[in-house]
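Only one structure is covered here, and it is reproduced in the block below.
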Amino acid sequence: MDSRRLLRISASALTAAGLILSGCTSGSDAAAPPSAGGTRAALQKYYGQQVTWRACGAPGFQCGTVLVPLDYAKPAAGDVKLAVSRVKATGPGRRLGSLLVNPGGPGGSAVGYLQGYAGVGYPAQVRARYDIVGVDPRGVARSEPVECLTGPRMDAYTQVDQTPDDAGEQRALEAAFREFAAACEKRSGRVLPHVSTVAAARDMDVVREVLGDRRLNYVGASYGTFLGATYAELFPDKAGRLVLDGAMDPSLSAEELNRDQTGGFETAFKAFAADCVRKPDCPLGTESVPAATEALRGFFREVDAKPVPTGESRKLGESLATTGVIAAMYDEAAWPQLREALTRAMGGEGSALLTLADSYYEREADGSYANLMSANAAVNCLDLPPAFAGPEAAERAVPSFEKESPVFGRGLAWAALNCTYWPTPATGRPHRITADGAPPIVVVGTTRDPATPYKWARSLASQLASGTLLTYEGDGHTAYGRGSDCIDTAINTYLLEGTAPTDGKRCS
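According to the numbering used here, the sequence shown is numbered sequentially starting from 524.
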């Protein structure tokens, strides 16, 4: 699995959320913002366009497309069609404009998130005053998606051993990363150099003006926080009410991000294990968290040596088993499902744990995959230089990853090798985002978040000149809409009245 892929599993919706940042870029999409100098004139056809809306999905939803330049430095080089969906404000009360939402990924479909959850599940008072809008970022889902491996080849890719025990297994892992990268270049070479977070943030400014909004109001989860922070950096005078939930730290390198996230999964697993060992049916035993940790490590070793059947052609080996466990770390509501899945897998039947892994990879029942994993790699590998220069560097990093997590460390260290073989050079660099001149920005962190460790939220809030930190003391990935009245009230008040919570406010 790619450790820089964040998934959000909730009781109300299954949505993608994600990780990895871009920085100040040196590539063509790093040209001055459209609001600067003569650049705006060259982009006027995009900023001045009108959307033709049509009914789509469930009643009340509308869909359309917005054109943006493939390359902002060369607007004449071609266009990208962005898929946009909205549900209009229901009233009563004065309309506050549009509220863009992004579930993360990178690679999560904002249109799918809007139509599956946000457009009906966001608080009624927010939906009454805002048009809720989802835009699939370039390269994602309905917006000229990046395509890489076919379904059967993706099946093979997800089963490759990511804890190589010898030179042969290491070569197989390298070959898998190379094959994935080559397939992306072959099938999506036109858009591949142009799917950076900086480009996606510029796209959001086009959408803002096309929707008729003076400022961008936005709720971004996980990777969506980096997208929102990047927007505030590029367009501080156009930033409105921005909520960055499950925040990322843009100042970290790819290796640092992967290692920190490894520690986040360890924190989440310890919380799961502490809950599990108190239950008589815990498949990891009822003795202690350390004993449960060793039991899971032992299970991973067993399925590495001898994968267990699942009732289909794919067997459950260590890679898929690890992915299944990690998928359940995103939401404590999935812990009962994980206990059952582990019980069955440790008894020799792996279908339930395979189902969790498939949900993480967005694999359909017919064997096809959504483009999430393809877009995830394409954005991640463009946004930051590779974590490792080669397999030797990955091997050297294993001890530091295992220090963060005895359970997941080795596999996540090797997973961070994927961008090493990427065909398009990275254009982003790690850097601090201050967004000087932006209005108050609410940064939300969850203390036991598995995918975006809490310290990232603290860091981003401190970097932003107008950042204010809102803390949820709890489990799971992200906090808004997950059952804390304290969190929801603070965010709703900010969105509706413009009053940010007191910096350092804590909720449980």
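Cβ coordinates follow ideal geometry from the N, Cα and C atoms, glycine included.
* Asked: CA-CA distance, Leu530 and Ala857?
  -> The count along the sequence shown starts at 1 and reaches residue 530 at position 7. The count along the sequence shown starts at 1 and reaches residue 857 at position 334. Here Leu530 scores only 37 on pLDDT, less than 50, and its place in the model is too uncertain to base an answer on.
* Asked: In terms of alpha-carbon separation, which member of Tyr640, Arg731 and Pro646 lies closest to Tyr569?
  -> Reading the sequence shown from its first residue, position 46 is the one you call residue 569. Closest option to Tyr569, Cα to Cα, is Arg731.
* To do: Kindly list the residues whose CB is nearer than 6 Å to the CB of Ala641, restricted to its own chain and excluding five residues on each side of it in sequence; keep chain order.
  => Here residue 641 corresponds to residue number 118 of the sequence shown, with the count starting at 1. Cβ within range, chain order: Val624 and Ile655.
* **Cβ-Cβ separation, Thr994 to Cys1030 (assumed contact under 8 Å), whole Å** => Indexing the sequence shown from 1 puts residue 1030 at position 507. Indexing the sequence shown from 1 puts residue 994 at position 471. With a Cβ gap of about 7 Å, Cys1030 and Thr994 count as contacting.
* To do: For Gly1032, count neighbouring C-beta atoms within 10 Å of its own C-beta (all shown protein chains included) and say buried if the count is 16 or more, exposed if not.
  => One cannot answer for residue 1032 here, as it falls past the ends of the chain, which runs 524 to 1031.
* To do: Using only the heavy atoms of the ligand ADP, determine whether one of them is closer than 7 Å to the beta carbon of Thr943.
  => No copy of the ligand ADP appears in this structure; indeed no ligand is present at all.
* Would you identify the three-state DSSP class for Ala722, choosing helix, strand or coil? => One-based indexing of the sequence shown puts residue 722 at position 199. Note: Ala722 maps to helix in three-state DSSP.
* Inter-residue Cα distance where the pair is Ala612 and Gly601 -> If you number the sequence shown from 1, residue 612 lands on position 89. If you number the sequence shown from 1, residue 601 lands on position 78. Straight through space, the alpha carbons of Gly601 and Ala612 are spaced by roughly 34 Å.
* To do: Give a yes or no on whether the C-beta atoms belonging to Ala723 and Leu750 are separated by under 8 Å.
  => Looking up residue 723 in the sequence shown gives position 200. Looking up residue 750 in the sequence shown gives position 227. Contact flag set, yes.
* Asked: In its own chain, which residues sit with a C-beta less than 7 Å from the C-beta of Tyr813, not counting the 5 before and 5 after it?
  -> Translated into positions along the sequence shown, residue 813 becomes position 290. Note on residue identity: the sequence assigns Pro, not Tyr, to residue 813. Around Pro813: no qualifying Cβ.
* Which residue comes first and which comes last in the alpha helix (DSSP H) that contains Ala762? -> The residue labelled residue 762 in the question sits at position 239 within the sequence shown. Unbroken run through Ala762 is the beta strand (DSSP E), Ala762 to Asp768; no alpha helix (DSSP H).
* Asked: If we ignore side chains and look at the alpha-carbon of each, how far apart do Ala690 and Trp945 end up?
  -> For the purposes of this step, residue 690 is identified with residue 167 of the sequence shown, where counting begins at 1. For the purposes of this step, residue 945 is identified with residue 422 of the sequence shown, where counting begins at 1. CA-CA distance, Ala690 to Trp945, rounds to 22 Å.
* Asked: With contact counted as at least three CB pairs below 8 Å, one residue from each stretch, are the region 735-750 and the region 578-590 in contact?
  -> no
* Among Arg661, Ala917 and Leu843, which residue has its Cα nearest to the Cα of Pro593? -> By 1-based counting over the sequence shown, the position of residue 593 is 70. It should be noted that the sequence gives Leu, not Pro, for residue 593. Minimum Cα distance to Leu593 is reached at Arg661.
* Neighbourhood of Ser711 by C-beta, 6 Å cutoff - its chain only, sequence neighbours within 5 removed -> Within the sequence shown, numbered from 1, the residue matching residue 711 stands at position 188. Excluding sequence neighbours, Ser711 sits near Val669 and Glu670.
* **Distance between Ala850 and Gly620 (C-alpha atoms, nearest Å)** => For the purposes of this step, residue 620 is taken as the residue at position 97 of the sequence shown. For the purposes of this step, residue 850 is taken as the residue at position 327 of the sequence shown. Going from the Cα of Gly620 to the Cα of Ala850 covers about 35 Å.
* **Between the CA atoms of Ala880 and Trp979 - distance to the nearest angstrom** => For the purposes of this step, residue 979 is taken as the residue at position 456 of the sequence shown. For the purposes of this step, residue 880 is taken as the residue at position 357 of the sequence shown. Between Trp979 and Ala880, the C-alpha separation is close to 26 Å.
* With DSSP as the reference, please indicate the residues paired to Asp854 in a beta bridge. => The sequence position of residue 854 within the sequence shown is 331, counting from 1. Bridge partners of Asp854: none, in fact.
* Asked: Just how far apart, CA to CA, sit Leu715 and Asn781?
  -> If you number the sequence shown from 1, residue 715 lands on position 192. If you number the sequence shown from 1, residue 781 lands on position 258. Answer to the nearest angstrom: the Cα atoms are 22 Å apart.
* Measure the CB-CB distance between Thr588 and Leu566 and report whether it falls below 8 Å. => To locate residue 588, count along the sequence shown from 1; it is residue 65. To locate residue 566, count along the sequence shown from 1; it is residue 43. Contact flag unset, no.
* Leaving out five residues on either side along the sequence, give the residues of the same chain with a beta carbon under 6 Å from the beta carbon of Gly932. => By 1-based counting over the sequence shown, the position of residue 932 is 409. Answer for Gly932: Thr785, Phe924 and Glu925, listed in chain order.
* **Counted within 10 angstroms of its Cβ, other Cβ atoms place Gly616 as buried (16 or more) or exposed** => As a first step, residue 616 is located in the sequence shown; it is residue number 93 there, counting from the start. With fewer than 16 Cβ atoms within 10 Å of its Cβ, Gly616 is classed as exposed.
* Assuming Phe788 and Pro973 make a contact with CB atoms under 8 Å, what is their CB distance in whole Å? -> As a working note, residue 788 is residue 265 in the sequence shown. As a working note, residue 973 is residue 450 in the sequence shown. Rounded, the Cβ-Cβ distance is 5 Å, consistent with contact.
* Through-space distance from Gly999 to Cys799, alpha-carbon basis -> Counted from its first residue, the sequence shown places residue 799 at position 276. Counted from its first residue, the sequence shown places residue 999 at position 476. In a straight line, the C-alpha of Cys799 is about 16 Å away from that of Gly999.
* **Residue span of the beta strand (DSSP E) that contains Lys1028, given as start and end** => Counting from 1 along the sequence shown, the entry for residue 1028 is found at position 505. Taken as a continuous stretch (DSSP letters only), the beta strand (DSSP E) holding Lys1028 covers Lys1028 to Cys1030.
* By Cβ distance, which residues of its chain are closer than 8 Å to Gly871, with the 5 residues on each side in sequence left out? -> On the sequence shown, residue 871 is found 348 positions in, with the first residue counted as 1. Within the same chain, Gly871 has close Cβ partners Val831 and Pro832.
* Classify Glu697 as buried or exposed, calling it buried when 16 or more other Cβ atoms lie within 10 Å of its own Cβ. => To locate residue 697, count along the sequence shown from 1; it is residue 174. By the 10 Å Cβ count, Glu697 comes out buried.
* **Simplified DSSP assignment, three categories, for Phe924** => Stepping through the sequence shown from its first residue, residue 924 is reached at position 401. Here Phe924 sits in helix by DSSP.
* Could you tell me which uninterrupted alpha helix (DSSP H) segments, each at least 4 residues in length, are contained entirely in the region 810-893, listed from first to last along the chain? => 812-828, 841-851, 858-869 and 874-884
* To do: Closer than 7 Å by C-beta to Asp772: which residues in its own chain qualify, once you throw out the five before and the five after it? Chain order, please.
  => One-based indexing of the sequence shown puts residue 772 at position 249. Same-chain partners within the cutoff: Trp979, Ser982 and Leu983.
* Using three-state DSSP, classify Glu996 as helix, strand or coil. => For this step, residue 996 is matched to residue 473 along the sequence shown. The answer is strand: DSSP assigns Glu996 an E or B state.
* Asked: DSSP three-state call for Asp1041: helix, strand or coil?
  -> Past the edges of the chain, shown from 524 to 1031, lies residue 1041, and the structure says nothing about it.
* Give the straight-line distance between the Cα atoms of Ser891 and Arg1005, rounded to the nearest whole angstrom. => By one-based count along the sequence shown, residue 891 stands at place 368. By one-based count along the sequence shown, residue 1005 stands at place 482. Cα-Cα distance, rounded: 30 Å.
* To which residues of the same chain is Ala828 closer than 8 Å at the C-beta, ignoring the five residues directly before and after it? -> Walking along the sequence shown from the start, residue 828 turns up at place 305. Here the set comprises nothing.
* Straight-line Cα distance separating Gln685 from Glu915 -> Along the sequence shown, one-based indexing puts residue 915 at 392. Along the sequence shown, one-based indexing puts residue 685 at 162. Rounded to the nearest angstrom, the two C-alpha atoms are 14 Å apart.
* So is Lys611 in contact with chain C if we call contact Cβ pairs under 8 Å? -> Considering every chain present, this structure includes no chain C. It has just one protein chain.
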